[in-house]
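As structure tokens, the structure follows; a few thoughts come after it.
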Amino acid sequence: MKRLIRIPTNRSASFIIVLYTIIIVLVLFWASQLLGTITRDDPGQMPVILVLSILFPSALLVLSGFNFSRVVVQRRAGVPGSRLRIRLIGSFTLIVFVAVLPLGLLSSLFLKTAIELWLAPGNGIALDAGENLALEYHGDALKRLETLARSNFLSELLEDNNRDAGAIWRGVADVAPYVNAVQIIGEEGDSMMGNQELFLKDRNLLGYSGDGPLPRRVIKGRSILSWQRHLGDRTVILSSLLAENFETDVRKISLARDNWKRYSRMVGTLKGSLLIFGLFLAGPLIFMAFLISMAMSDRVIKPLVALGEATGKIS
């Protein structure tokens, strides 16, 4: 009875090594594709990758099972050496199973521990708290500008004609040290006090005629909040610098929070992928165990059969 897979006896070792290398390369390639698809959360590629990941090892398992059934048929037909071939196949398969099982369990436990550490509920709570604190800090800074702009203190300070720009700035700085710039625009001229980089030009004020917050600006990586108020024929603009790297840090927190939530939704997929990886590795390894046992059985059985035939002829 012909076998589905026929290994050249004189080149069995080279054939198995080349085939093993090809299979391992394919396993690593599809494993990286599957992991990349899962971590990117790309539903478009998921069905194709999963189908190929399941079909490839399944085909090797079916091929191994089909050839093993042929060996069993040979054993029932009394073909010389078939019993030894079955024992070799069983021995190699058992060795592969015993070697792979601890590694599979260890990998599963490692992945489970890593998922529990990274996706611990406390991490998500901390990220949410960090984002909320950043939003509260931003809102509080804007609220302080609004409170000062609407206060009677500012009105009385500006209505005192005996105060020059320096006196106005000292009065504001004493009460509100968080204000980094004061800009007064009026028909009699403009007054600018504080950090010159925070002053707005006339073209930046077009379209903002009412009292209230002005659009947030970023200069040299630092966020600037401004509040505008009209006092008679003058417009007062208060500006405040937020903490250094505020924008960058908030963006990092938001990105980490989004990734944490995305990975949390993928926990079931990650754990389910363990079964696919188990099948993905079991198929090629069992197939290689079958090929090695067949190659070794041919090397052992053929000399024994030839010796038996020679002994029969002599007797």
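Residues 10 to 324 in our numbering are what the sequence shown lists, from first letter to last. For glycine and all other residues, C-beta sits at the position ideal for the given N, C-alpha and C. Keep in mind it's a predicted model, so treat the numbers as computed, not measured.
How many angstroms separate the CA atom of residue i from the CA atom of residue j?
i: Asp167; j: Arg260; result: What sits at residue 167 in the sequence shown is Leu, not Asp. Between Leu167 and Arg260, the C-alpha separation is close to 39 Å.
i: Arg243; j: Gly148; result: 26 Å
i: Gly139; j: Lys270; result: 15 Å
i: Ile194; j: Arg231; result: 24 Å
i: Met256; j: Ser273; result: Before going further, note that residue 256 is Glu rather than Met in the sequence given. Going from the Cα of Glu256 to the Cα of Ser273 covers about 26 Å.
i: Glu155; j: Ser41; result: 54 Å
i: Asp199; j: Ala190; result: 13 Å
i: Ile233; j: Asn161; result: 24 Å
i: Leu223; j: Ile262; result: 25 Å
i: Gln9; j: Phe208; result: With the chain represented from 10 up to 324, any question about residue 9 goes unanswered, as that position is not in the structure.
i: Leu126; j: Ile134; result: 14 Å
i: Glu145; j: Leu151; result: 10 Å
i: Val105; j: Val82; result: 24 Å
i: Leu97; j: Leu112; result: 23 Å
i: Leu35; j: Phe119; result: 24 Å
i: Asn76; j: Thr122; result: 40 Å
If we count the other Cβ atoms within 10 Å of its Cβ and call it buried at 16 or more, is residue i buried or exposed?
i: Ile228; result: exposed
i: Tyr142; result: Note that residue 142 is Leu in the sequence shown, not Tyr. Exposed, since its Cβ has fewer than 16 Cβ neighbours within 10 Å.
i: Ala68; result: exposed
i: Thr18; result: Note that Thr18 scores 48 on pLDDT, short of 50, meaning its location in the model is unreliable; the coordinates nonetheless yield the value given after this. Exposed is the call here.
i: Ala185; result: buried
i: Ser100; result: exposed
i: Ile177; result: buried
i: Leu7; result: Nothing about residue 7 can be read from this structure; the chain reaches only from 10 to 324.
i: Ala158; result: buried
i: Ser73; result: buried
i: Ile163; result: A small fix is needed here, since residue 163 is Leu in this sequence, not Ile. So Leu163 ends up on the buried side.
i: Arg12; result: With a pLDDT of 49 at Arg12, under the threshold of 50, the modelled position of this residue cannot be trusted, and the question is left open.
Helix, strand or coil: which one does DSSP assign to residue i?
i: Thr18; result: Legend: pLDDT at Thr18 = 48, less than 50; position of this residue unreliable, value from coordinates given subsequently. Three-state result, Thr18: helix.
i: Arg172; result: coil
i: Gly219; result: coil
i: Val81; result: helix
i: Gly195; result: strand
i: Met297; result: helix
i: Pro224; result: strand
i: Ser116; result: helix
i: Gly87; result: coil
i: Gly230; result: coil
i: Ser235; result: strand
i: Leu247; result: strand
i: Ala252; result: coil
i: Gly241; result: coil
i: Ser23; result: helix
i: Ala190; result: strand
Excluding five sequence neighbours on each side, which residues of the same chain lie with their C-beta closer than 8 Å to the C-beta of residue i?
i: Val276; result: Ile124, Leu128
i: Gly175; result: Met202
i: Asn132; result: Trp269
i: Arg153; result: Ala185, Tyr187, Ser249
Between which residues of its own chain and residue i is the CB-CB distance below 7 Å, once the five residues before and five after are set aside?
i: Arg84; result: Ser91, Arg92, Ile95
i: Tyr29; result: Met297
i: Glu206; result: Ile228
i: Leu136; result: Ile262, Ala265, Arg266, Trp269
i: His239; result: Asp220
Only counting the same chain, and skipping five residues up and downstream in sequence, which positions put a Cβ closer than 6 Å to that of residue i?
i: Gln192; result: Met201, Phe208, Ile246
State yes or no: is the C-beta of residue i nearer than 7 Å to some heavy atom of the ligand GDP?
i: Gly148; result: This structure lacks the ligand GDP, and indeed carries no ligand of any kind.
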